[in-house]
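Read the structure below first, then the notes.
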RNA sequence: GGGCCUGUAGCUCAGUUGGUUAGAGCAGAGCGCUCAUAACGCUUUUGUCGCAGGUUCAAGUCCUGCCGGGCCUACCA
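Numbering (the numbering used here), first residue to last: 17 to 581.
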C-alpha cells in the first residue's frame, strides 16, 4: 500500500468558481484521490480557501462586512458547493487559520536565517482616498502609448504594451475613482529565489515525466531575461499573516497560500483530535513522509508558484519538508466560443450547475473533456449529446435493461442455473484487457483517456448482451438465459465500482440497487463477476440518468449566455 | 516584442522512438434486435492530416518559413 498526498490549487475566497476552475484542480484531484483510495492506498487529499489579499478586502467592503466574517461565510459556501460536487477532501481548510499563520511565519524566519530574505525599499502608488497602497492593476488611466483611456497600471489591453502605474496619464484608483494618488516609499521583504535558480533548474530538469505545460512554464521563468527574479513576499495590508517586527505588513498571498497545504493538514489533525505526528508523517521526510508520493493539481495560471516560489520556500528552509513529486496542470475551459466571465455572467458557475443537474452529469462531461493538451470548450450541444449517449444510453440503460428483464423472467433475485461459456470467456478477456488499460491511464492521471476506456468498458456490456440475447435464449433454454443475466447483474456491480471515481453518486445508487456494499477494486474480472451469488436479491434501480431534453438545453443556453459584449 | 501550446473526418478528440491502405466516439446512411431510458448491436460514407518548401528509401510524425487559435510575460490571484 502506497501513501499518496494530493492537493488541488486553493480556490480564491472571492466568489463562486466556474466550471473551468473546477475542472482544472478540484475535480481531477478528486478523481485521482477516489481512484487511489479504491485501489487500497492511503490517501490524504487536502485543499483550502485562499483568503488573503486585496480582492478579499475589497469584496468584504463591498458586502459591508468585516473581512474575517466575509471570508468565514464564503469559505462555508465554497465548502458546501465542493461537497455538492462530491469532492472528497480529507480536509478543506482556510489559509487564514492559526496553523497557517504559524507555518508562514516559521518559513519566513527560516528563510531569513538562511540569508534568503532581504529588505527592499520600493516606491508604490498610495491612494489617499482609499487609505491603501494600490496593486498596479487597481490603477487605471490613459495609455501613454496608444491613448487608450482604460489602460491598467500593469498593461494596456488595447495596445498590449506593458506599463508601470507611473506611466499612466491621469491615473485614478479603480476602487474609488479617486485621482488623489501619490508615490510613497515602502519597505518589503523579498524572497531571494534567484539564489536558488540552479537548484530549481536541476530539480525541474529531473522531472522528465511532468506535463510539458508544467515544465515549460517553469523553464520560461527560470531562463527568461536575467533568469529567475527575486520576489516581494509582503504587502501593505491589514488582512493576512502579519510579518513579525514589521507593523502594518502582511505576507503576500502567494507566499502563504501554498504553505496552507501544510497548514490545512495540521488543521485536519487538530480537527480530528490527533497530535502533530499525524500531519508530520505526510509532510516531514524525517518523520515518516519519505515514502509519500505528493501530487499537485492546478490550472496553468498556478504553475509558476508551484514549480518555483513554493519549492524555493521549502528548499530554502533547509528543513526536511516534503517536496512535490508530480504536478498535473491543466489548460482552460472556454464557454461556447469565449471565456467564462464572472462580471458578464457568462458561463456556468458551480452553484448554478448543481441547481440544474446532478453533480455526476458535470463530473462526467468535465472529466471526459478535461483540457489536458489544449484549451477545451464547453458547448451545450456537446454536453447534451455526451450525457445522453454515454450516461443515459450506454451505462444507465444497460442497468435498466438487465434488471428489468431479470425481474420479469426470474424475479428480483440473481438467477441460478446454466454455465458460463465461450461468450462469457471472450467478454472477460476483453474486460481484463480494458481494465489494465484503465488502471494504467488512471495511474498516469490521463483523465480523458481514462474516461474513454471506462466508456468502452460500459459499451462492452451492451455488445455482450446483444450477442447473448437472453430474451431469445430464454424461450428455449431458461438456464442459459439465467447464466447470461447472472453475469450481467454482476457486470452492473463491476461498473459501479469502476465508475465510482468519475460518478460517485450514480455508483452508490447502482450498488444500492444491487444490494451490495462490496466496492473493492477488481484484481481480476472473472472473480469480480462472481461476486453476487445465485439467489442474491436486488432491486430495479430508478432511472439512473435522465436525458437532457432539447427544451432544457435551449433554456440553459439562453440563461447562461450572459450580457453581450 | 519574447516564450510556450495548438491547428488531423460535419463535431469532440487519439495518433507511441518517422514505416505498409490515417483511427475512436458523436452526427449521417443501411441492416438487425425488441430485454431496455424511441434504448442496444452490426455494417458503412466522409479526411489535400492549416499552407508552402526541405531532410529521408519512407513525414500527420523531423527541420524552415508563413497563416489561424490560445496562454503566459513576474504588483490580480
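For each residue, glycine too, the CB sits at the ideal point set by N, CA and C.
- Taking a C-beta distance under 8 Å as the contact criterion, residue 42 and residue 65 do not qualify as a contact pair.
- Bounds of the beta strand (DSSP E) holding residue 65 are 58-65.
- When Cβ pairs closer than 8 Å are counted between the two stretches, the segment 33-41 is seen to touch the segment 361-373, the count reaching three or more.
- A direct Cα-Cα distance of roughly 13 Å separates residue 107 from residue 49.
- Collapsing the DSSP output to three states places residue 164 in coil.
- Take the alpha-carbon of residue 194 and the one of residue 63: they are about 38 Å apart.
- Going by DSSP, residue 450 is part of the alpha helix (DSSP H) stretching over 438-459.
- Looking only at 245, 260, 264, 440, the smallest Cα-Cα distance to residue 253 is reached by 264.
- In the three-state reduction of the DSSP assignment, residue 509 falls in the helix class, which pools H, G and I.
- In its chain, beyond the 5 residues on either side, 56, 57, 58 have a beta carbon closer than 7 Å to the beta carbon of residue 17.
- DSSP, read as helix, strand or coil, puts residue 222 in coil.
- Under the three-state reduction of DSSP output, residue 103 falls in the coil class, being neither helix nor strand.
- According to the DSSP secondary-structure assignment, residue 537 is paired through a beta bridge with no residue.
- One Cα belongs to residue 211, the other to residue 132, and the distance between them is close to 8 Å.
- Closest option to residue 262, judged by alpha-carbon separation, among 395, 301, 124: 124.
- If you draw a straight line from the Cα of residue 138 to the Cα of residue 52, it comes to about 48 Å.
- With a beta-carbon spacing of about 13 Å, residue 501 and residue 415 fall beyond the 8 Å limit used to define contacts.
- Of the residues assessed, residue 228 falls on the exposed side of the cut-off, its CB having fewer than 16 other CB atoms within 10 angstroms.
- Residue pairing of residue 134 in beta bridges, as defined by DSSP: 206.
- By the criterion of a C-beta distance shorter than 8 Å, residue 350 is surrounded in its chain by 36, 356, 391, 392, 393, 394, once the five residues flanking it on both sides are discounted.
- Cβ contact annotation for residue 185 (same chain, cutoff 7 Å, sequence separation greater than five): 157, 158, 160, in chain order.
- When Cβ pairs closer than 8 Å are counted between the two stretches, the segment 298-306 is seen not to touch the segment 144-158, the count staying below three.
- DSSP, reduced to helix, strand and coil, places residue 545 outside both helices and strands of the structure shown, so it counts as coil.
- For the options 71, 86, 230, 67, the alpha carbon positioned closest to that of residue 109 is the one of 67.
- Under DSSP, the beta-bridge partners assigned to residue 392 are 349.
- Residue environment analysis places residue 305 among the buried positions, since at least 16 neighbouring C-beta atoms fall within 10 angstroms of its C-beta.
- When secondary structure is reduced to three states using DSSP, residue 42 falls in the helix class.
- For the beta strand (DSSP E) assignment, the uninterrupted runs of no fewer than 3 residues enclosed by the segment 279-319 are, from N- to C-terminal side, 308-315.
- Cβ atoms of residue 560 and residue 526 come within 8 Å of each other, at about 7 Å.
- A distance below 7 Å between beta-carbons, with the five flanking residues on each side excluded, links residue 166 to the following residues of its chain, in chain order: 156.
- Looking at the DSSP output, residue 275 shares a beta bridge with no other residue.
- Buried is the label assigned to residue 400, since at least 16 other Cβ atoms lie within 10 Å of its Cβ.
- The alpha carbon of residue 496 has as its nearest neighbour, out of 533, 434, 409, the alpha carbon of 434.
- Boundaries of the alpha helix (DSSP H) around residue 377: 375-384.
- According to the DSSP assignment, residue 23 belongs to the beta strand (DSSP E) that extends over 19-24.
- Within a 10 Å sphere around the beta-carbon of residue 387 sit 16 or more other beta-carbons, which makes this residue buried.
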